[in-house]
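Participant: The structure follows.
Given below as structure tokens:
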């Protein structure tokens, strides 16, 4: 299983980034292969459609689970349609995020947060 | 002759000046402040025609699409995404640029149209009025502004610009022959005026200043204009009476005490802007 | 705790009120998201701690030496941004369609600088602001960028006050996304009411806790009543009615927050309003 977490940094002591589309990195934990992949979030620097760009990236990585703070409606629509489960978590260290996930303590995101259209430039 | 009325910031009296000058000059009025088109609240024209403003957007033919993702990669606005081997569009983000259609090797993309706003046209007191309205939630105003200004016929027009110096303002200025900058005598007013002056200078069109809420003194706006050699068209004094007439939604030009102010502004505008 | 101060139209006194509230709140971080007329910071002298160029969006760039003037780019551009083999930067939307059809690969998309951003330290705390390049728009990205920069400094502070962008477009949406509460400043004029309605539609859409205050409420009793009815009907919180006050004009000209003027009637009303706001946002 692949678990993607939106994060502010590249390490295991980095904290979860509450924003999905504009987070700095995604840390992807591949539980089967026992590997960690660090992805720079391409959506971060786009004027618009950040959530969509970020989702596209994670869909390409074939992740099964996303853990983040808030999901915008566009990203939510995509992720839900792809069948990826999304969970909400506070801005805490990644280790603790995973622990909470494994203990089944995280709440599933079922409605999206506020939309965020980019500018037109 | 198309005259743009603009201001660095909102609330300086841009719409007040535009609507009353249009009446004083018997010029047609166009409201390009499509996010907040308030000029009609004062002019109250009878609406004769409403047109839709359409933009184009791509539609995928799922039978032809092989989900190669080339269109997703080429879209600069991240308006496309792939879900379960289908490409879907987020229309609010789409600029209708056509890049996806160009890149698609499978001829799987056609363009459809959707509405993002409206244009209303009408008449009041022998002047022609039009305004653009951007639908709520639509992020892109430029197509509405372009449609408003693209096909204007011969004659004189007062164009009420969007506030600020955004892309919308610059797109409006592409169609004008002269500009009136409305400001007020405060540090804020001056700060924003300086930026507005920079904008009109880029277009190399004649322009002049109208000071709203003027205190009649040798204030910072007058000092600035003198120093920079910028022509002042005139001033609208600061008075509670004017504020009250305005707040009722009444036309200042109809008020016997205020009418002469706009008559004078109209004549001076012609001079300063080299209006033939 | 992020409080966003908005007004549909300009000139309603949004910045005056945002400034007064941040004075009353004492410990605050201020974010000036009204980037097209960034007046919030003008009240304060300060030292720029950080200055950063902000790039957002792209523009096409034709390499003259490679261009064979075939005109394909001009044909394909839907924004009429190419004329005589030159890019009109104001019309170009950076879509890249021209780069796809150029047989010479003579066109590339270049990152475009749209603003200077500043973090300024004043004796009243940190202010984040931006100065836009002409013809550039405040984008969601820029607003997010400013808010994020400010966030770094907001650790110990209780409140972040965001002077929001005017209108209802993307920058406003980016100003309120993820914030805790919105205060809409309106005035009792016909256009003020129309604009209030537009902003409220937006706030409803985003399901953000929304408060309303009527500035200069006494210049038109009728419209003030209309606004009050509207606020009631929408079940919003009317947190303040601020009287017309000549001292406000004076404070703007002297570049001092209205809270500086002890006898100002507007100041008194804003102080009362702040107490009410605190009750709502801190409980």
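Protein chains in written order, with my numbering: chain A, 1 to 121; chain B, 1 to 276; chain C, 1 to 283. The beta-carbon is built from N, C-alpha and C at its ideal position, and this holds for glycine as well. Quick caveat: nothing in here was measured; it's all calculated off a predicted structure.
For residue 182(B), collect the residues of the same chain with a Cβ closer than 6 Å to its Cβ; drop the 5 residues on either side in sequence, then sort them by chain order.
Facilitator: Within the same chain, residue 182(B) has close Cβ partners 7, 12, 13, 14, 17, 210 and 212.
Participant: Would DSSP call residue 81(C) helix, strand or coil?
Facilitator: If DSSP states are grouped into helix, strand and coil, residue 81(C) belongs with coil.
Participant: Is the region 48-65 of chain C in contact with the region 79-88 of chain C, if contact means three or more CB pairs nearer than 8 Å?
Facilitator: A contact exists between the region 48-65 of chain C and the region 79-88 of chain C.
Participant: Which residues in the same chain as residue 215(C) place their Cβ atom closer than 6 Å to its Cβ, once the five residues preceding and following it in sequence are excluded?
Facilitator: Around residue 215(C): 12, 13, 185, 187 and 242.
Participant: Is residue 129(C) close to chain A? Criterion is C-beta to C-beta, closer than 9 Å.
Facilitator: No, because no Cβ of chain A sits closer than 9 Å to the Cβ of residue 129(C).
Participant: Using a Cβ distance threshold of 8 Å, determine whether the region 21-37 of chain C contacts the region 144-152 of chain C, with at least three qualifying pairs required.
Facilitator: The region 21-37 of chain C vs the region 144-152 of chain C: in contact.
Participant: Just the C-alpha distance for residue 27(B) and residue 235(C), rounded to the nearest angstrom, thanks.
Facilitator: Their Cα atoms are separated by approximately 43 Å.
Participant: Report the partner residues of residue 210(B) according to the DSSP bridge assignment.
Facilitator: For residue 210(B), which the question treats as bridged, DSSP gives the partners 182(B) and 234(B).
Participant: Would you mind giving the Cβ-Cβ distance between residue 55(C) and residue 113(C), rounded to the nearest angstrom? I have them listed as a contact below 8 Å.
Facilitator: Going by Cβ atoms, the distance from residue 55(C) to residue 113(C) rounds to 5 Å, so yes, they are a contact pair.
Participant: For a cutoff of 9 Å on Cβ pairs, would you count residue 70(A) as touching chain C?
Facilitator: Chain C, which has a Cβ nearer than 9 Å to the Cβ of residue 70(A), makes this yes.
Participant: Find out if the Cβ-Cβ distance for the pair residue 171(B), residue 147(B) is shorter than 9 Å.
Facilitator: Taking 9 Å as the Cβ cut-off, residue 171(B) and residue 147(B) do not qualify as a contacting pair.
Participant: Around the Cβ of residue 104(A), are there at least 16 other Cβ atoms within 10 angstroms (buried) or fewer (exposed)?
Facilitator: That one is exposed.
Participant: To which residues does DSSP link residue 4(A) through a beta bridge?
Facilitator: DSSP lists 28(A) and 66(A) as partners of residue 4(A).
Participant: Take residue 269(B) and list the residues in its own chain whose beta-carbon comes closer than 6 Å to its own, dropping the five residues that flank it on each side.
Facilitator: Within the same chain, residue 269(B) has close Cβ partners 233.
Participant: Determine contact between the region 148-156 of chain B and the region 27-38 of chain B, defined as no fewer than three beta-carbon pairs at a distance below 8 Å.
Facilitator: Enough Cβ pairs lie closer than 8 Å, so yes.
Participant: For residue 116(A), which residues of its own chain have a beta-carbon under 6 Å away from its beta-carbon, when the five flanking residues on both sides are left out?
Facilitator: Unreliable positioning characterises residue 116(A) in this predicted model, as indicated by a pLDDT of 42, which lies under 50. The coordinate reading is nonetheless provided below. Hits under 6 Å: 72.
Participant: What does residue 79(B) reach in chain A if we use C-beta pairs closer than 9 Å?
Facilitator: Going along chain A in sequence order, the residues near residue 79(B) (Cβ under 9 Å) are 48, 49 and 52.
Participant: For residue 237(B), which residues of its own chain have a beta-carbon under 6 Å away from its beta-carbon, when the five flanking residues on both sides are left out?
Facilitator: Once the five neighbours on either side are set aside, the close Cβ partners of residue 237(B) are 214.
Participant: Whole angstroms are fine: how far does the CA of residue 200(C) sit from the CA of residue 113(A)?
Facilitator: Residue confidence for residue 113(A) is low, a pLDDT of 48 falling below 50, so the modelled location carries little weight; the figure read from the coordinates is stated next. Roughly 18 Å between the two C-alpha positions.
Participant: Quick check on the burial criterion: 16 or more other C-beta atoms within 10 angstroms. Buried or exposed for residue 40(A)?
Facilitator: It is exposed - the Cβ of residue 40(A) has fewer than 16 other Cβ atoms within 10 Å.
Participant: Only counting the same chain, and skipping five residues up and downstream in sequence, which positions put a Cβ closer than 6 Å to that of residue 110(B)?
Facilitator: So the list reads 59, once near-sequence residues are dropped.
Participant: Strictly below 9 Å CB to CB, what residues from chain B border residue 37(A)?
Facilitator: Residues of chain B passing the Cβ test: none, with the nearest at roughly 20 Å.
Participant: To the nearest angstrom, how far is the alpha carbon of residue 178(C) from that of residue 23(B)?
Facilitator: C-alpha separation (whole angstroms): 45 Å.
Participant: For the beta strand (DSSP E) holding residue 192(B), just list the boundary residues, first then last.
Facilitator: Run containing residue 192(B): none in the beta strand (DSSP E); it sits in the alpha helix (DSSP H), 187-202.
Participant: Quick check on the DSSP output: the beta strand (DSSP E) that includes residue 28(B) runs from which residue to which?
Facilitator: First-last of the beta strand (DSSP E) with residue 28(B): 28-31.
Participant: How is residue 54(C) classed by DSSP in three states: helix, strand or coil?
Facilitator: In this structure, residue 54(C) counts as strand in the three-state DSSP scheme.
Participant: Within the same chain, show all residues whose beta-carbon is closer than 6 Å to that of residue 165(B), passing over the 5 residues directly before and after it, in chain order.
Facilitator: Correct list, in chain order: 195 and 199.
Participant: So is residue 183(B) in contact with chain C if we call contact Cβ pairs under 9 Å?
Facilitator: Not an interface residue.
Participant: So residue 74(B) packs on residue 100(C), CB below 8 Å; how close in whole Å?
Facilitator: About 7 Å separates the two Cβ atoms, so the contact holds.
Participant: Less than 6 Å between C-beta atoms, sequence neighbours within five positions excluded: which residues of the same chain meet that for residue 277(B)?
Facilitator: As displayed, chain B neither begins before 1 nor continues past 276, which places residue 277(B) out of reach and without an answer.
Participant: So, at 7 Å on beta carbons, what are the nonlocal neighbours of residue 2(C) in its own chain, with the 5 sequence-adjacent residues on each side left out?
Facilitator: The answer, listed in chain order, is 160, 162, 179 and 180.
Participant: At which residues does the beta strand (DSSP E) containing residue 144(C) begin and terminate?
Facilitator: No beta strand (DSSP E) contains residue 144(C), which is instead part of the alpha helix (DSSP H) from 140-151.
Participant: Can you tell which of 190(C), 92(C), 245(C) and 211(C) has the C-alpha that lies nearest to the C-alpha of residue 225(C)?
Facilitator: Looking at the Cα atoms, 190(C) is the closest of the given residues.
Participant: Let's see if you can read the secondary structure: which residues bound the alpha helix (DSSP H) around residue 66(B)?
Facilitator: Run containing residue 66(B): none; DSSP gives neither H nor E here.
Participant: Chain B partners of residue 76(C), CB-CB under 8 Å?
Facilitator: Going along chain B in sequence order, the residues near residue 76(C) (Cβ under 8 Å) are 98 and 102.
Participant: If residue 67(B) sits next to residue 86(B), beta carbons under 8 Å apart, how far is it from one beta carbon to the other, in whole angstroms?
Facilitator: Confirmed, about 7 Å.
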